[in-house]
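J.:
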Amino acid sequence: MAKIKSLEELMKIKENAMKGLKMRDSGKRGKVIVAMGTCGIAAGAKDTLRAIVDLLEEKGIDDVSVVQSGCFGLCDVEPTIEVHLEGSDPIIYGHVTPAQAKRVVEQHIVGGKVVGDLIVKRGEL
Amino acid sequence: MPAVENTVLICAGGACISAGEKSVKGVFEETLRKYSLENVVRVVETGCMGACDLGPILVIYPEGVFYQKITPENASRIVEEHILKGRVVEDLLYVGDMGDLRERPQEELPFFTEQVRIATRNLGVIDPLSIDEYIARDGYFALHKVLFEIGTDDVIEILKKSELKGRGGAGFPTWMKWDFTKKAEGETKYVICNADEGDPGAFMDRAVLEGDPHSIVEAMTIAARVIGAQKGFVYVRAEYPLAIERLTHAMKMAREYGFLGENILGTDFSFDLEIRIGAGAFVCGEETALINSIEGKRGIPRVKPPFPANRGLWQKPTLLSNVETYANIPPIITNGGEWFSKFGVEGSRGTKVFALAGNVKNTGLVEVPMGITLRKLIFEIGGGVPGGKKLKAIQTGGPSGGCIPLELIDTPITYDNMKKLGTIIGSGGMIVMDEDSCMVDVAKYFLEFTVEESCGQCTPCRDGTRRMLEILERITSGEGTMEDLHLLKDLGENIMATSLCGLGQTAPQPVISTMRYFWDEYEAHVKEGRCFAKKCKSLTRVVISKEKCVGCTACSRVCPVEAISGSVRTPHEIDPEICTRCGSCLAVCRFGAISKVSP
Amino acid sequence: MSLVNCPDCQRLYKELDEYIDSVKGNTGVLINVLHKAQEIFGYLSEELQQHVSEKLDIPLSQVYGVVTFYNFFSMKPKGKNQIKVCLGTACYVKGADKILERLRDELNVEMNEPTSDGLFSIHAVRCLGACSMAPVVLIGEDDYYGRVSPDEVSKILDKYRRAE
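Protein sequence lines, in the order shown, are assigned to chains R, X and L.
For the first sequence, the working numbering assigns the number 1 to the initial residue and increments by one for each residue that follows.
For the second sequence, the working numbering assigns the number 126 to the initial residue and increments by one for each residue that follows.
For the third sequence, the working numbering assigns the number 725 to the initial residue and increments by one for each residue that follows.
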């Protein structure tokens with residue numbers, strides 16, 4: 001990475017990264033964001049992350065990436081994940097244990113139907 | 126983690142609540158307790174599931190079985206049949222397309238709608254390991270602005286207009302700190318970020334460092350440019366390994382992109398950061414103690430003045446702010462000071478991050494405009510006190526703060542109001558306490574903390590807090606006198622007036638404030654040997670009711686010290702001499718025969 | 725862990741010395757060096773402090789002063805699995821004292837002392853910042869346990885006993 005020296009270069013990075021954040025023309029169908037702050041980890045987020053990665057692999061899904069983020073604040077419902085598929089609003093799910101993660105992958109990512117009872121929030125934070 | 130086998134979701138949407146969700150939940154939980162299942166079954170209230178005409182509704186996972194129109198009577202049946210025996214309760218089952226049901230829109234929680242996220246703008250939104258995602262959210266644009274578009278005096282002016290005050294506790298105007306350090310004479314200057322978040326109950330700084338480390342890197346670089354520093358330090362607690370890891374990575378990326386290091390963004394401005402890890406001393410949150418610690422010495426506070434702005438790290442002018450304060454800087458510079466001061470009220474502008482913990486439903490972090498009332502914060506955003514318990518007090522400001530009683534819950538949160546109530550906003554920790562907390566015990570807890578954390582340099586703090594603790598120990602063990610209470614108050618006021626640093630000057634605060642609002646509790650401990658909350662062990666006994674006990678032996682089997690005697694099918698008895706009041710027996714008795722009494 | 729009967733010592737000291745040499749030029753690195761030393765050796769013995777003092781050319785009294793000032797530094801060996809019970813306010817309100825009590829009963833050991841098998845030691849720590857998950861127990865550096873109840877204590881310990 002060459003060092004940034006101008007506003008234009010900064011803007012270019014911003015525009016490219018925006019695509020990934022907003023799930024537009026990112027070349028992927030979607031992403032799953034697992035909140036991995038200390039509180040999330042204390043609630044079992046590591047197991048959830050592992051379960052999601054394993055499940056996606058098991059089902060041969062390679063157009064959905066799994067990334068981590070910090071704590072968005074509602075620690076009470078940890079572990080939390082956000083499922084963001086291209087062309088639709090992001091959905092934040094709470095209390096996602098590995099067993100619930102299976103439901104999210106099967107019903108939402110594969111089946112396209114959101115898992116209503118786990119929803120904490122629809123739309124962007 | 127608890128080995129939760131089932132999760133039960135009970136809809137707490139408006140329709141379900143009006144259809145009786147609260148009593149269903151109560152019966153459900155009561156039945157779980159009856160069968161000692163409360164640790165293996167987790168009951169969660171959810172937002173509206175959308176099937177309002179079928180309410181109250183309840184879903185059991187992992188099976189995903191959906192029950193409708195639950196009444197208190199059949200709620201206990203679901204526990205007995207489904208949870209205990211694994212048999213689906215056919216007649217309550219909902220058989221339709223559940224996918225459709227669940228897709229209806231949700232109600233927005235106040236937890237989200239009431240927040241204004243400035244310092245926490247990126248938490249949970251971006252990948253903390255991706256500098257590109259930080260840039261996508263306007264990251265490093267403020268740095269660019271400061272380097273190319275506006276002068277350093279303009280930055281001070283923006284901060285002045287924003288009326289931002291230090292978010293670490295003292296609440297000193299940020300622009301003045303920057304201005305003093307900028308004007309201080311000297312070639313070598315430093316910027317320091319205080320990430321030694323020591324107040325128990327506050328964790329916003331950890332969350333920012335873990336979730337948005339670049340905001341600190343950017344803000345410190347801006348600060349360095351403005352005051353003329355070449356080097357900065359982030360002093361992080363050793364208890365926050367993940368924060369250290371993420372910040373280290375962020376600094377590395379920032380160097381690669383040219384936001385840190387030599388010739389930042391191609392200019393002649395150079396600046397770099399170094400992380401210093403704390404070693405577990407609360408007093409190091411005090412700025413001069415922190416400076417000593419960075420110098421590799423014992424973290425004892427220095428006498429002020431001189432202030433760090435003139436003689437700080439290695440006697441050079443030093444700017445020192447905490448994590449949350451820095452996190453506010455880039456958006457303020459991008460959007461202007463007026464934009465920030467639009468939020469909040471006179472004297473307390475902008476937003477503040479609060480950490481909700483203790484006996485509150487929505488534990489977590491919230492960022493709200495200042496001037497919000499405690500009631501709104503605890504009951505609307507925080508969801509209130511769980512378990513049908515009554516709120517007793519809210520502890521703010523950690524060991525330097527005090528407790529606010531239920532009666533004053535409509536107070537708007539401002540720097541001035543908190544001071545009037547005998548506490549501080551501090552770093553923003555809010556511990557909610559219900560009726561099971563004894564306020565004398567809470568005061569004792571904080572005194573134990575300060576006694577252990579006193580650096581030992583000045584006598585009032587070192588010896589005075591210890592004497593206060595001894596008096597509190599007497600009171601909580603039933604040996605206190607009324608004279609003790611007055612002595613305690615006197616001593617506290619003296620320590621506050623004569624200690625060297627902020628730690629000592631505020632250490633008696635938890636005692637003084639609980640005495641102010643909960644004098645009756647102190648008095649009851651002394652005069653009647655009674656602890657309202659039945660928390661103080663010496664003043665509490667655990668007893669078994671002869672009428673209710675059926676002699677099932679569950680309690681005697683669980684007692685860790687074998688204090689319970691009695692044969693099968695005859696009422697049991699607890700030997701108060703052996704009993705440690707651990708409460709294990711209370712938890713297992715299915716007949717409500719065991720209770721705590723005081724005296 | 726004296727120099728004589730520690731087969732690994734030479735290697736460990738070498739590792740420490742390499743670190744010291746890499747930071748020696750900077751000012752105020754004593755605390756960093758002590759962190760590293762404790763990470764490598766587990767605790768800061770008298771010999772080790774003497775060694776640091778000589779390498780950094782800082783009086784031993786100052787090294788000792790710093791070691792004893794900060795809670796994080798220990799002059800005694802710890803158990804293989806360090807059980808850190810958070811005693812922050814939120815954890816206290818949620819019953820951390822009961823967790824601590826149960827742990828001491830289960831392991832039959834005093835605070836900060838290793839168990840007779842060397843497997844565990846119990847330490848009270850300041851707020852871990854996971855207040856929303858109170859009460860919190862941290863074992864080692866990474867295993868966080870949130871919302872712990874006293875009855876779960878033995879189950880958690882078993883996990884580590886089985887790993888032996």
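The beta-carbon is built from N, C-alpha and C at its ideal position, and this holds for glycine as well.
Verify the CB distance criterion: does X/P325 have a CB-CB separation below 7 Å to chain L?
T.: At least one chain L Cβ lies under 7 Å of X/P325.
J.: For L/D829, which three-state DSSP category applies?
T.: The answer is helix: DSSP assigns L/D829 an H, G or I state.
J.: Write down the C-beta distance between X/S466 and X/S287 rounded to the nearest angstrom, noting that I regard them as a contact closer than 8 Å.
T.: Confirmed, about 5 Å.
J.: Have a look at the DSSP bridge pairing and note the partners of X/Y186.
T.: Answer is X/T132.
J.: Just reading off the beta strand (DSSP E) that L/H847 is part of, what are its end residues?
T.: It spans 844-849 - the beta strand (DSSP E) in which L/H847 sits, taken as one unbroken run.
J.: Can you give the beta carbon distance from R/A51 to R/P98, rounded, assuming they're within the 8 Å contact cut?
T.: Rounded, the Cβ-Cβ distance is 4 Å, consistent with contact.
J.: Considering only C-alpha positions, which residue in the set X/T705, X/V722, X/R715 is nearest to L/E825?
T.: When only C-alpha atoms are compared, the closest one is X/T705.
J.: When the cut-off is 7 Å and only beta carbons count, does X/I402 lie next to chain L?
T.: True, the Cβ-Cβ gap to chain L drops below 7 Å.
J.: Which value, in whole angstroms, describes the spacing of the CA atoms of X/M223 and X/A679?
T.: With a pLDDT of only 48 at X/M223, under the threshold of 50, the placement of this residue in the model should not be trusted, and no figure is reported.
J.: Are the CB atoms of X/D566 and X/V510 nearer to each other than 7 Å?
T.: Going by C-beta atoms, X/D566 is not nearer than 7 Å to X/V510.
J.: With a cut-off of 8 Å on the beta carbons, I'd call X/R292 and X/E335 a contact; round off their distance for me.
T.: That pair is no contact at about 17 Å.
J.: On the DSSP bridge assignment, give the partners of L/D867 in chain order.
T.: DSSP, once it has assigned bridges, lists L/I863 as partnering L/D867.
J.: State yes or no: is the C-beta of X/T568 within less than 7 Å of the C-beta of X/V675?
T.: Reading off the sequence, residue 568 of chain X comes out as Ala, not Thr. No; because the gap between Cβ atoms is not below 7 Å, this pair is not in contact.
J.: One question on the structure: do X/G508 and R/F72 come within less than 7 Å of each other, judged by their Cβ atoms?
T.: Going by C-beta atoms, X/G508 is not nearer than 7 Å to R/F72.
J.: If I follow the unbroken beta strand (DSSP E) through X/V565, where does it start and stop?
T.: First-last for X/V565: 564-578, but that is the alpha helix (DSSP H), not the beta strand (DSSP E).
J.: So, does the CB of L/S873 fall closer than 7 Å to a CB anywhere in chain R?
T.: No, no contact with chain R.
J.: Between the region 301-320 of chain X and the region 479-498 of chain X, are three or more C-beta pairs nearer than 8 Å?
T.: Counting Cβ pairs under 8 Å, fewer than three are found: no touch.
J.: Taking Cβ positions only, does X/Y186 come closer than 7 Å to chain L?
T.: For X/Y186, the answer is no, since every Cβ of chain L falls outside 7 Å of its Cβ.
J.: Can you tell me whether X/I341 is helix, strand or coil according to DSSP?
T.: In the structure shown, X/I341 sits in a helix (DSSP, three-state: H, G or I).
J.: In chain order, what residues of the same chain have a beta carbon less than 6 Å from the beta carbon of X/L367, not counting five sequence neighbours either side?
T.: Once the five neighbours on either side are set aside, the close Cβ partners of X/L367 are E335.
J.: Measuring CA to CA, which of L/N805, L/S777, L/C851 is closest to L/L811?
T.: Ranking L/N805, L/S777, L/C851 by Cα distance to L/L811 puts L/C851 first.
J.: Which of the three DSSP states, helix, strand or coil, is assigned to X/V485?
T.: Three-state result, X/V485: coil.
J.: When the distance is taken between beta carbons, is X/S418 closer than 7 Å to X/G424?
T.: Yes.
J.: Okay, do the region 268-286 of chain X and the region 390-409 of chain X touch, 3+ Cβ pairs below 8 Å being the bar?
T.: Cβ pair count under 8 Å is three or more, so yes.
J.: Taking L/H894 as the query, report the chain X residues whose CB atoms sit under 9 Å from its CB, ordered along the chain.
T.: Missing from the structure shown is residue 894 of chain L; chain L here goes from 725 to 888 and no further.
J.: Any C-beta of chain R sitting closer than 7 Å to the C-beta of L/G853?
T.: So yes, L/G853 belongs to the interface.
J.: Could you check if L/S840 is buried or exposed, using at least 16 other CB atoms within 10 Å of its CB as the buried criterion?
T.: It is exposed - the Cβ of L/S840 has fewer than 16 other Cβ atoms within 10 Å.
J.: Restricting to runs no shorter than 3 residues, where is the beta strand (DSSP E) found entirely within the region 327-405 of chain X?
T.: Taking only runs of at least 3 residues, the beta strand (DSSP E) segments lying wholly in the region 327-405 of chain X are 356-361, 397-402.
J.: What residues in its chain sit with their C-beta under 8 Å from that of L/Y737, if we drop five residues either side in the sequence?
T.: Contacts found: H775.
J.: Does DSSP classify X/N319 as helix, strand or coil?
T.: DSSP places X/N319 in strand when its eight states are reduced to three.
J.: If you draw a straight line from the alpha carbon of X/I416 to that of X/F657, how long is it in whole angstroms?
T.: Taking the straight line joining both Cα atoms gives about 44 Å.
J.: Residues in the same chain with beta-carbon distance under 6 Å from X/F358, minus the five sequence neighbours each way, listed in chain order, please.
T.: I317, E399, R401, I419, listed in sequence order.
J.: Which bits of chain R does X/A261 rub up against, with CB to CB less than 9 Å?
T.: The contacting residues are I13, K14, E15, N16, A17, M18, K19, G20, L21, K22.
J.: Run through chain X and tell me which residues come within less than 7 Å of L/S856, C-beta to C-beta.
T.: Here the neighbours are A482, T488, G489.
J.: When Cβ atoms are compared, which residues of the region 308-335 of chain X fall closer than 7 Å to chain R?
T.: Here the close residues are R331, A332, E335.
J.: Given this structure, state the Cα-to-Cα distance separating R/D63 from X/D324, to the nearest angstrom.
T.: Going from the Cα of R/D63 to the Cα of X/D324 covers about 44 Å.
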